[in-house]
Every structure is written in C-alpha cells, then in structure tokens.
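Each remark here refers to the structure printed beneath this line.
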Amino acid sequence: MRYKGGRDAAVLEQMVDEISDHALFRYCVEARCETSVPAETWLVSLDDRLIDHESGIDLDRYVWGVKWRCLDPGAKLLPQSEATCRWSKALGSDFHEVRIETNAHNLTSLFSDPFK
4 MRYKGGRDAA
14 VLEQMVDEIS
24 DHALFRYCVE
34 ARCETSVPAE
44 TWLVSLDDRL
54 IDHESGIDLD
64 RYVWGVKWRC
74 LDPGAKLLPQ
84 SEATCRWSKA
94 LGSDFHEVRI
104 ETNAHNLTSL
114 FSDPFK
C-alpha cells in the first residue's frame with residue numbers, strides 16, 4: 004500500500020502543526036534522536052549541576068535540566084521515503100515520517116497511526 008496524500012496528508016500535516024505538549028505516534032517502527040546543540044556547547048556544559056535547573060541556572064552554561072523543550076522550528080511531516088514505502092508494503096498500512104526540531108534535540112519518527 005502506498006502513501007496516497009490528499010485528505011489524509013492534510014489531516015497529518017494539521018496534526019503535526021498542532022503538536023504541543025504531548026504527541027503519541029502509534030506503531031512506531033523507527034525513532035531517531037540527535038542533538039541540535041553544537042559540540043562547543045556540549046564541551047562546556049558537562050557539569051552534573053546542569054541537569055537540574057535550580058543548581059544550574061547561575062552557571063554560564065547550557066542548562067539541560069528543564070521540564071520542556073522549545074519546538075524550534077517545530078514539527079514537519081516529511082515526504083514519502085524508501086523507508087515509509089518499505090514499511091507500508093510490509094505491514095499493509097500507510098506509514099509516515101515526522102521530524103520534530105527542538106532547541107536541544109531533533110527527533111525523527113516513522114509511524115503508522117498518529118494520535119494526540
């Protein structure tokens with residue numbers, strides 16, 4: 004089964020645009036997480052006090068200890084790919100790929116059934 008686009012694509016794009024506090028991607032067959040923080044910042048931000056907002060706030064470094072991340076620039080539904088086609092064919096269900104960019108990490112997920 005191939006990704007058809009159309010109304011389903013519009014619904015998915017709207018869902019991706021509305022990702023705020025929580026998103027659940029069911030039937031996730033692949034997930035990747037990579038840093039968006041430059042190596043130079045990592046190098047000076049390895050102090051364990053930086054994993055807690057209270058103990059790290061006065062240090063002149065990147066404070067990892069927060070309870071949320073800014074979606075900057077946010078979430079984007081990616082075009083159909085070899086991987087989404089392969090999974091769609093193997094499982095007989097449409098698969099999609101989303102990339103969520105934050106101020107600390109970039110997340111990519113291959114999934115079949117999105118729910119908020």
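Quick note: the sequence shown uses this note's numbering, first residue 4, plus one each step.
Where is the CB? At the ideal position from N, CA and C, for every residue including glycine.
Have a look at the options and flag the residue whose alpha-carbon is nearest the alpha-carbon of residue i.
i, options, result
"residue 77", "47, 29, 39", "39"
Can you give me the Cβ contacts of residue i inside the same chain, cut-off strictly under 6 Å, excluding the 5 residues immediately before and after it?
i, result
"residue 53", "59, 64, 66, 67"
"residue 79", "102"
"residue 104", "76"
"residue 10", "Residue placement at residue 10 is poorly supported in this model, since its pLDDT is 39, which falls under 50; the coordinates still yield a value, given next. There are no such residues."
Under 7 Å Cβ to Cβ from residue i, same chain only, skipping five residues before and after it: list those, please.
i, result
"residue 5", "Because the pLDDT at residue 5 is just 32, under 50, the model does not fix this residue reliably, and the value given afterwards should be weighed accordingly. These residues qualify, in order along the chain: 88, 91."
"residue 84", "100"
To which residues does DSSP link residue i through a beta bridge?
i, result
"residue 112", "34, 101"
"residue 78", "103"
"residue 52", "Beta-bridge pairing links residue 52 to no other residue."
"residue 29", "116"
Which residues in the same chain as residue i place their Cβ atom closer than 8 Å to its Cβ, once the five residues preceding and following it in sequence are excluded?
i, result
"residue 69", "56"
"residue 62", "50, 52, 53"
Cα separation between residue i and residue j?
i, j, result
"residue 45", "residue 51", "12 Å"
"residue 113", "residue 30", "8 Å"
"residue 159", "residue 75", "Shown here, the chain extends from 4 to 119; a query on residue 159 therefore has no answer."
"residue 97", "residue 115", "6 Å"
"residue 47", "residue 72", "20 Å"
"residue 93", "residue 86", "10 Å"
"residue 81", "residue 32", "16 Å"
Under a CB-based cut-off of 7 Å, is residue i close to chain B?
i, result
"residue 36", "The structure shown contains no chain B, having only a single protein chain."
> Okay, do the stretch 29-38 and the stretch 99-108 touch, 3+ Cβ pairs below 8 Å being the bar?
Replying inline: By the C-beta criterion, the stretch 29-38 is judged to be in contact with the stretch 99-108, since at least 3 inter-stretch pairs fall below 8 Å.
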